[in-house]
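For reference, the structure discussed in these notes is given below.
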């Protein structure tokens with residue numbers, strides 16, 4: 029039993045380290061749950077832990093990754109691998125199990141599994157892939173390791189994409205859909221391979237060693253600039269729920285502040301029913317003051333994702349503002365307000381935005397100075413005393429003229445102005461970043477992930 | 012009492028009532044009973060959160076007490092209220108020949124207490140399932156109110172003292188996650204996230220709910236629903252929509268689910284115009 033308690037506590041420590049707020053009460057609950065559950069199935073134990081310790085769905089991937097480390101699915105190569113090992117390692121030396129035939133055979137089976145989308149088969153194949161192609165021999169026992177990178181370089185599942193798409197189309201899928209499905213299945217396989225390499229490393233070096241480095245932050249805390257493509261898609265799905273949560277919270281807070289000054293006439297009128305005693309007071313509704321918003325965003329390659337997310341979020345919350353106008357720039361300014369029609373499809377808007385990027389560039393090199401000057405000249409009247417101005421970008425202007433007077437002119441005209449920078453403050457003012465000079469004119473705010481973005485937009489409204 | 016004998020037992024008895032739970036749901040439902048902790052169920056609309064509570068009540072032969080939450084819900088609607096009118100009548104009827112202290116003791120008794128769902132559930136002697144529906148719709152203050160009820164299963168009424176549950180009810184809270192619930196509330200609950208089911212289970216659910224549906228059409232329907240969920244939609248179809256669609260197809264006496272029929276009846280599944288357009292474009296429907 030003591031071994032279990034130790035592992036239980038290590039596991040919860042790792043969860044806390046990864047940012048899950050696991051309290052002592054939940055710790056005890058989890059242990060009570062373990063006592064109440066049968067242990068023959070690993071998934072039951074996982075459910076027991078999940079029910080007691082994870083209280084937010086966005087933390088579930090982190091939890092699952094750590095659970096797989098501390099309570100692995102199998103040890104070593106498992107039952108499947110053990111059979112192979114017997115015939116190959118007869119002479120006591122680690123045999124070379126990677127060969128051209130083995131690879132061809134493996135790819136064939138992988139393709140089949142990917143077409144059928146058999147989760148179990150894919151998982152077994154991932155184990156085999158790491159065991160067969162991902163071993164990194166070490167000089168001494170204990171120095172050998174496993175690498176998902178090596179395995180995936182040898183077995184490149186993306187090469188199978190074309191054939192999987194063809195097979196799926198044969199089964200009656202529309203081309204676009206087949207491509208999407210194939211991409212997702214291959215993504216699952218790659219993740220399974222990475223997980224298995226991690227599991228093997230954890231087995232040899234202890235889970236604590238891996239837990240610190242292997243766990244990615246949850247999607248709402250992931251940096252915009254370091255997101256992979258799959259992450260971006262997931263983030264995009266998060267935008268609408270985030271906007272909805274923000275809107276609910278804002279309405280609630282507005283309601284709390286709604287009571288305005290006393291309405292004497294209606295109070296006296298209401299007091300008639302209680303014999304002239306004003307038991308319930310009536311108030312005039314408070315007039316909500318809404319701001320106009322002008323968003324000016326850098327859409328050059330390095331920060332394009334960040335700009336898109338911010339624009340989507342701002343437009344999802346548009347009823348909280350009287351008016352929203354959006355401009356994009358690289359070295360010249362282009363208005364994109366018309367792309368955000370009410371009720372429009374998110375994916376379409378994203379596509380339109382991407383297409384319109386070309387209008388924002390004359391030469392294609394980011395030039396904040398020229399963009400700001402053009403904005404002040406052409407659209408200067410968009411910014412008035414009721415406007416909040418929002419500038420999004422990393423303030424990296426390729427060492428060109430900064431046009432500080434133009435920025436000062438625009439920000440003086442606005443009621444408030446902010447600059448959102450998707451870089452960590454420690455990178456500000458390094459290289460060609462002009463965060464300092466710009467930050468003196470317009471307050472610069474760090475905004476690296478969805479949580480920070482949500483908080484900022486909330487405070488803005 | 013024990014609510015369920017084991018995770019498999021929970022799965023089987025829920026199945027008998029027509030609720031097909033996956034392993035995680037059954038295990039968590041069993042745990043909620045075994046640990047006597049409230050169960051917080053989150054998930055998109057229409058995946059059977061409320062239905063889970065009803066199924067637990069049916070499966071265990073317990074009565075269901077339901078508290079529907081909404082903005083502005085207060086103590087008087089959730090917990091208890093004194094019946095002022097009756098108290099007033101009582102005072103008037105006594106006609107002043109009674110001492111004040113007697114009257115005072117008299118009008119704050121059980122007779123004048125109007126119990127609301129939370130207190131009702133706690134005072135019941137028979138097994139009870141308490142369903143607190145859409146708890147995210149309430150104000151934050153109501154959550155504070157729930158804390159005492161959910162952690163100790165007791166309610167303090169100043170005039171009567173503390174009412175302790177004779178038998179702990181099986182509590183299910185549901186939420187659409189439209190706002191974050193407080194940590195204090197979450198800490199007291201077991202957590203279950205219900206998501207869209209896998210194809211196999213969904214087919215069982217649909218054919219269970221709409222037995223008239225042809226088996227072949229059911230296959231096609233589930234397949235199409237799966238394809239729709241893969242798209243980037245504002246509101247992906249949930250189980251409730253699959254079942255609605257199946258009913259629609261039965262009512263229309265559709266022989267086979269071809270592209271033509273799909274695009275004609277898509278309104279039963281997708282509730283946004285932009286989703287509609289997108290589905291037609293991406294799935295290549297006429």
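Chains as they are written, first to last, in this note's numbering: chain A, 29 to 489; chain B, 12 to 297. The beta carbon of each residue, even a glycine, is placed where N, CA and C say it ideally should be.
Residue burial classification, residue i (beta-carbon count within 10 angstroms, cutoff 16)
| i | result |
| --- | --- |
| residue 409(A) | exposed |
| residue 81(B) | exposed |
| residue 307(A) | exposed |
| residue 127(A) | exposed |
| residue 164(A) | exposed |
| residue 79(B) | exposed |
| residue 382(A) | exposed |
| residue 283(B) | exposed |
| residue 447(A) | buried |
| residue 24(B) | buried |
| residue 194(A) | exposed |
| residue 125(B) | exposed |
| residue 414(A) | exposed |
| residue 173(B) | exposed |
| residue 198(A) | exposed |
C-beta atoms of residue i and residue j nearer than 8 Å
| i | j | result |
| --- | --- | --- |
| residue 486(A) | residue 278(A) | yes |
| residue 71(B) | residue 138(B) | yes |
| residue 390(A) | residue 359(A) | yes |
| residue 59(B) | residue 244(B) | no |
| residue 477(A) | residue 339(A) | no |
| residue 46(A) | residue 80(A) | no |
| residue 263(A) | residue 255(A) | yes |
| residue 356(A) | residue 327(A) | yes |
| residue 18(B) | residue 37(B) | yes |
| residue 144(B) | residue 28(B) | no |
| residue 192(B) | residue 146(B) | yes |
| residue 130(B) | residue 166(B) | yes |
| residue 154(A) | residue 221(A) | yes |
Three-state secondary structure assigned by DSSP to residue i
| i | result |
| --- | --- |
| residue 356(A) | strand |
| residue 289(A) | strand |
| residue 79(B) | strand |
| residue 223(A) | helix |
| residue 246(B) | coil |
| residue 57(A) | helix |
| residue 145(B) | coil |
| residue 200(A) | coil |
| residue 48(A) | coil |
| residue 363(A) | strand |
| residue 473(A) | strand |
| residue 192(B) | coil |
| residue 173(A) | strand |
| residue 278(A) | helix |
| residue 285(B) | helix |
| residue 163(A) | strand |
Beta-ladder partner(s) of residue i, from DSSP
| i | result |
| --- | --- |
| residue 418(A) | 323(A) and 446(A) |
| residue 461(A) | 424(A) |
| residue 31(A) | None; residue 31(A) has no bridge partner. |
| residue 175(B) | 165(B) |
| residue 183(A) | BP columns for residue 183(A) are empty, so no partner. |
| residue 181(B) | 140(B) |
| residue 126(B) | 91(B) |
Residue i: CB within 7 Å of a non-hydrogen atom of the ligand NAP
| i | result |
| --- | --- |
| residue 84(A) | The ligand content of the structure shown is nil, which means the ligand NAP is not present either. |
**Message:** Short of 9 Å Cβ to Cβ, which residues in the stretch 65–79 of chain A face chain B?
**Reply:** 65, 66, 69, 71, 72, 74, 75, 76, 78 and 79
**Interfacial residues, the stretch 170–201 of chain B to chain A, with Cβ spacing under 9 Å** = 188, 189, 190, 191, 192, 194, 197, 198, 199, 200 and 201
**Message:** Which residues of the stretch 236–254 of chain B have a Cβ closer than 8 Å to any Cβ of chain A? Give them in chain order.
**Reply:** 238, 241, 243 and 245
**Request:** With 9 Å as the limit, tell me which residues of the stretch 44–76 of chain B have their beta carbon closer than that to any beta carbon of chain A; keep them in chain order.
**Result:** 45, 46, 48, 50, 51, 53 and 54
**Members of the stretch 135–159 of chain B that neighbour chain A once the beta carbon cut-off is set at 7 Å** = none
**Message:** Short of 8 Å Cβ to Cβ, which residues in the stretch 271–296 of chain B face chain A?
**Reply:** 283, 284, 285, 286, 288, 289, 293, 294 and 295
**Interfacial residues, the stretch 295–310 of chain A to chain B, with Cβ spacing under 9 Å** = none
**Prompt:** If contact means a Cβ-Cβ distance below 7 Å, which residues of the stretch 273–284 of chain A contact chain B?
**Reply:** 273, 276 and 277
**Prompt:** Relative to chain B, which residues along the stretch 35–64 of chain A have a C-beta separation below 8 Å, given in chain order?
**Reply:** 49, 51, 53, 54, 57, 60, 61 and 64
**Asked** For the stretch 22–41 of chain B, which residues have a beta carbon sitting closer than 7 Å to at least one beta carbon of chain A?
**Response** 34, 35, 38 and 39
**the stretch 112–137 of chain B: positions lying closer than 8 Å to chain A by Cβ** = none
**Request:** Select from the stretch 81–101 of chain A all residues with a C-beta closer than 9 Å to any C-beta belonging to chain B, and list them in chain order.
**Result:** 81, 82, 83, 84, 85 and 88
**Positions along the stretch 204–236 of chain A whose CB lies within less than 9 Å of some CB in chain B** = 204, 205, 208, 209 and 212
**Asked** Given a limit of 7 Å on CB to CB distance, which residues of the stretch 396–430 of chain A reach chain B?
**Response** none
**Short-range partners of chain A found in the stretch 205–219 of chain B, where Cβ spacing is below 9 Å** = 206
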